[in-house]
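A.B. asks:
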């Protein structure tokens with residue numbers, strides 16, 4: 001298996017990206033292809049012990065930044081590390097692409113310029129894998145499609161179910177719709193219409209779920225439109241990071257609480273690890289015809305290594321093949 | 336000024352509700368009318384020093400619980416403390432109604448059975464007042480209308496602006512739309528269409544705002560549909576309470592961190608106070624033709640006292656009269 005790592009993905013590329021690739025090559029043994037500015041990559045590689053590690057470098061002359069507009073960057077920068085990296089997957093020279101870069105740009109380049117969508121998929125979806133609960137939870141769509149139709153959400157549910165089964169090893173994933181209440185009568189029109197369709201699907205649909213139950217791990221796959229999903233993950237991140245900041249500020253206000261904070265440090269380290277999205281590394285673009293894992297721009301080297309781990313699991317689980325087959329079946333059902 | 340307090344509102348009514356009413360009567364000096372089961376209220380009142388305090392009791396034979404369905408309870412329980420309390424306001428025997436009970440039921444009873452909507456208001460909205468940032472922020476709609484039209488959101492913005500000015504004393508409130516990104520191109524169709532209308536309104540519209548900027552206090556009034564708003568407040572609450580729980584669990588895992596937690600306690604107490612919704616007491620139903628303040632079912636006596644404080648400010652600020660005038664102006668603009 002060969003995994004492409006975007007060397008120009010993180011906010012402080014290419015240092016964490018290259019170090020993460022080195023960690024992945026060492027820990028997993030599979031070949032890693034670093035794509036990006038070749039001289040910059042080689043400079044970073046020289047800082048690490050890489051003798052004997054299966055790392056290749058492929059040059060890409062353009063860099064996509066967080067400021068690039070997803071809608072236009074695909075055309076404007078055709079030689080980006082995302083283009084070249086995804087094309088390596090498309091041409092069968094690699095099995096998966098991992099990037100910590102601009103998510104919207106990655107989706108747009110995957111969908112319109114390189115890998116394209118899996119036949120039968122109406123809209124690809126962004127996913128987020130929540131680390132918060134006792135188990136990992138797939139949230140989809142978390143930002144690709146602001147206005148959705150029920151039939152799209154149905155497909156997000158089916159693809160999320162396949163990902164949970166094949167990649168995360170959940171035998172029978174519980175699939176839920178994110179809503180403002182558990183009862184069938186709750187939800188906006190989109191959720192209510194989707195709920196009716198969900199009941200006919202070959203998956204274990206558990207109904208509506210509220211945010212608090214998402215965090216308790218009451219479902220394995222949680223489905224929503226990309227606007228609501230994006231607000232959900234951003235609110236969760238903003239809430240927890242604001243609370244963390246307020247706690248830190250208050251702890252620093254007196255000598256006594258400073259000592260308390262020092263003694264409590266092992267607990268806080270453990271908390272940080274528990275809610276750390278970098279432990280997961282990244283989440284897939286569902287519906288794209290190839291494994292693409294996207295992580296956070298602030299990722300460190302360990303997050304990139306873990307993104308490669310996620311990509312490996314997706315390839316080993318044959319998630320793309322399974323979604324292809326699943327979509328073909330649904331198409332056969334004339335949906 | 337006379338304020339009605341629902342004695343049957345909190346999850347553990349009537350003890351916190353009655354104690355809160357006593358606190359309010361003592362601290363503010365204005366007459367309080369407690370509505371609910373008279374004998375239960377008198378039993379609670381007997382536990383507190385109330386000599387000389389301006390507290391009246393009005394009997395209501397029915398109690399609305401959190402399990403009652405908002406859509407039907409208005410008809411099913413016509414003698415509830417909510418009905419009778421709101422009718423006291425409608426009939427001019429009191430100036431405001433405060434309850435920690437079932438929000439949906441309160442809205443439905445206000446809208447369909449007692450106070451009704453202010454002339455010109457298309458849909459009333461639930462509000463939440465966020466305590467998180469350096470200042471208080473009005474969020475609306477946080478749950479009344481799952482599917483909204485742009486013209487409704489426009490009215491939520493105008494009513495929120497009036498509340499911020501007249502009740503919270505903000506000279507020129509910054510009004511924003513909650514969205515998945517700051518740029519004009521972000522948002523779902525509802526947000527994008529509403530954004531166009533917002534620019535023509537006589538208020539200080541600052542554009543789209545993301546969750547993290549809401550928590551930083553980048554706006555005084557944040558507008559969204561009731562589905563998204565409900566997901567927002569529930570995600571925020573779930574995220575911060577889950578994080579708090581995880582921190583507590585980790586702190587209790589070793590003797591060392593237990594000591595740390597003990598020393599850190601003043602800081603945690605201060606954090607809790609900062610993010611405590613009970614400091615605010617409750618938030619208004621905007622668009623209802625009378626001051627109605629609804630708080631959390633888990634409220635304690637102090638929260639109820641603070642809910643009365645919020646109601647007093649709304650009456651003193653003449654928020655209903657100002658919204659009436661504002662809606663009449665808009666109606667004149669043929670909107």
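Protein chains in written order, with my numbering: chain A, 1 to 335; chain B, 336 to 670.
Cβ atoms here follow ideal geometry from the backbone N, Cα and C, with glycine treated the same way.
Given the structure is predicted, the values throughout are model-derived calculations rather than measurements.
What three-state label does DSSP hand residue 210 of chain A in the structure shown?
C.D. replies: Coil.
A.B. asks: So residue 178 of chain A and residue 222 of chain A are supposed to be a Cβ contact under 8 angstroms. How far apart are they, rounded?
C.D. replies: Contact flag correct, Cβ pair sits at about 5 angstroms.
A.B. asks: Between the Cα of residue 131 of chain A and those of A/313, A/283 and A/322, spot the shortest distance and give me the residue it belongs to.
C.D. replies: Of A/313, A/283 and A/322, the residue nearest in Cα terms is A/283.
A.B. asks: Identify whether residue 669 of chain B lies in helix, strand or coil by the three-state DSSP scheme.
C.D. replies: Its pLDDT being 44, under 50, residue 669 of chain B is placed unreliably by the model, and the measurement read from it follows with that caveat. Here residue 669 of chain B sits in coil by DSSP.
A.B. asks: List the whole-angstrom C-beta distance separating residue 591 of chain B from residue 251 of chain A, where the pair is believed to meet the contact cut-off of C-beta under 8 angstroms.
C.D. replies: 16 angstroms between Cβ atoms; not a contact.
A.B. asks: DSSP three-state call for residue 266 of chain A: helix, strand or coil?
C.D. replies: Correct three-state label for residue 266 of chain A: helix.
A.B. asks: What residues from chain A crowd round residue 589 of chain B, counting only those whose CB sits closer than 8 angstroms?
C.D. replies: Residues of chain A passing the Cβ test: 266 and 267.
A.B. asks: In the DSSP assignment, find the alpha helix (DSSP H) that holds residue 27 of chain A and state where it starts and stops.
C.D. replies: From DSSP, the alpha helix (DSSP H) with residue 27 of chain A extends over 15-28.
A.B. asks: Excluding the five sequence neighbours on either side, which residues of its own chain have a C-beta within less than 6 angstroms of the C-beta of residue 59 of chain A, listed in chain order?
C.D. replies: Cβ within range, chain order: 38.
A.B. asks: Nearest to residue 65 of chain A by CA position, among A/53, A/155, A/229 and A/82, is which residue?
C.D. replies: Among A/53, A/155, A/229 and A/82, the Cα nearest to that of residue 65 of chain A is on A/82.
A.B. asks: Closer than 7 angstroms, CB to CB, is residue 137 of chain A near chain B or not?
C.D. replies: No, its Cβ sits nowhere closer than 7 angstroms to a Cβ of chain B.
A.B. asks: With a 10 Å radius around its C-beta and 16 neighbouring C-beta atoms as the bar for buried, classify residue 515 of chain B as buried or exposed.
C.D. replies: With 16 or more Cβ atoms within 10 Å of its Cβ, residue 515 of chain B is classed as buried.
A.B. asks: Between residue 31 of chain A and residue 62 of chain A, how many whole angstroms is the CB-CB distance? I'm expecting something under 8 angstroms.
C.D. replies: Residue 31 of chain A to residue 62 of chain A, Cβ: 24 angstroms. No contact.
A.B. asks: What separation, rounded to the nearest whole angstrom, lies between the Cα atoms of residue 353 of chain B and residue 523 of chain B?
C.D. replies: Distance between the alpha carbons of residue 353 of chain B and residue 523 of chain B: 45 angstroms.
A.B. asks: Would you verify that the beta carbon of residue 323 of chain A is, or is not, closer than 7 angstroms to some beta carbon of chain B?
C.D. replies: So, not an interface residue.
A.B. asks: Excluding sequence positions up to five away, which residues of its chain have a Cβ less than 6 angstroms from the Cβ of residue 531 of chain B?
C.D. replies: Excluding residues within five positions, none has a Cβ falling inside 6 angstroms.
A.B. asks: What are the residues that DSSP puts in a beta bridge with residue 80 of chain A?
C.D. replies: Paired residues: A/62.
A.B. asks: Does residue 594 of chain B come out as helix, strand or coil in the three-state DSSP assignment?
C.D. replies: The answer is helix: DSSP assigns residue 594 of chain B an H, G or I state.
A.B. asks: Quick one: what does DSSP say residue 520 of chain B is sitting in, helix, strand or coil?
C.D. replies: Residue 520 of chain B falls in the coil class under three-state DSSP.
A.B. asks: 7 angstroms is my cut-off, CB to CB: does residue 424 of chain A come that close to chain B?
C.D. replies: Any property of residue 424 of chain A remains undetermined from this structure, which presents chain A solely from 1 to 335.
A.B. asks: Using only CA atoms, which one of B/463, B/419 and B/462 lies nearest to residue 448 of chain B?
C.D. replies: For the residues B/463, B/419 and B/462, the minimum Cα distance to residue 448 of chain B belongs to B/419.
A.B. asks: Could you tell me which of A/161, A/292 and A/79 sits nearest to residue 206 of chain A, measuring between CA atoms?
C.D. replies: Selected option, being the one with the closest Cα: A/161.
A.B. asks: Tell me the rounded alpha-carbon separation between residue 159 of chain A and residue 588 of chain B.
C.D. replies: Rounded to the nearest angstrom, the two C-alpha atoms are 39 angstroms apart.
A.B. asks: Per DSSP, what are the beta-bridge partners of residue 163 of chain A in this structure?
C.D. replies: BP columns for residue 163 of chain A are empty, so no partner.
A.B. asks: Is the beta carbon of residue 444 of chain B closer than 7 angstroms to that of residue 409 of chain B?
C.D. replies: For residue 409 of chain B and residue 444 of chain B, yes; Cβs fall inside 7 angstroms.
A.B. asks: Could you pull the DSSP bridge partners for residue 392 of chain B from this structure?
C.D. replies: In DSSP, residue 392 of chain B forms a bridge with B/369.
A.B. asks: Residues bridged to residue 174 of chain A by DSSP?
C.D. replies: Paired residues: A/204.
A.B. asks: If you check the beta carbons only, do residue 170 of chain A and residue 311 of chain A fall under 7 angstroms apart?
C.D. replies: Contact: no.
A.B. asks: Run down chain A in chain order and give the residues with a C-beta less than 7 angstroms from the C-beta of residue 405 of chain B.
C.D. replies: Ordered by position in chain A, no residue passes the 7 angstroms Cβ test against residue 405 of chain B, which lies about 10 angstroms from the chain.
A.B. asks: Name the DSSP beta bridge partners of residue 6 of chain A, please?
C.D. replies: Looking at the DSSP assignment, residue 6 of chain A forms a beta bridge with A/35.
A.B. asks: Closest by CA to residue 428 of chain B, which one among B/369, B/561, B/441 and B/379?
C.D. replies: Cα-wise, what sits closest to residue 428 of chain B is B/369.
A.B. asks: For residue 690 of chain B, report the span of its beta strand (DSSP E) as first-last.
C.D. replies: Because residue 690 of chain B is not part of the residues shown, which for chain B are 336 to 670, the question remains open.
A.B. asks: Identify the contact partners of residue 478 of chain B in chain A, using a Cβ-Cβ distance below 8 angstroms as the criterion.
C.D. replies: Here the neighbours are 180.
A.B. asks: Only counting the same chain, and skipping five residues up and downstream in sequence, which positions put a Cβ closer than 7 angstroms to that of residue 662 of chain B?
C.D. replies: Counting only Cβ-Cβ distances below 7 angstroms, and skipping sequence neighbours, we find 453, 454, 455 and 456.
A.B. asks: How is the beta strand (DSSP E) around residue 128 of chain A delimited, first residue to last?
C.D. replies: Per DSSP, residue 128 of chain A belongs to the beta strand (DSSP E) from 125-130.
A.B. asks: Where residue 318 of chain A and residue 23 of chain A are concerned, what is the direct C-alpha to C-alpha distance, given to the nearest angstrom?
C.D. replies: When rounded, the distance between both Cα atoms is 24 angstroms.
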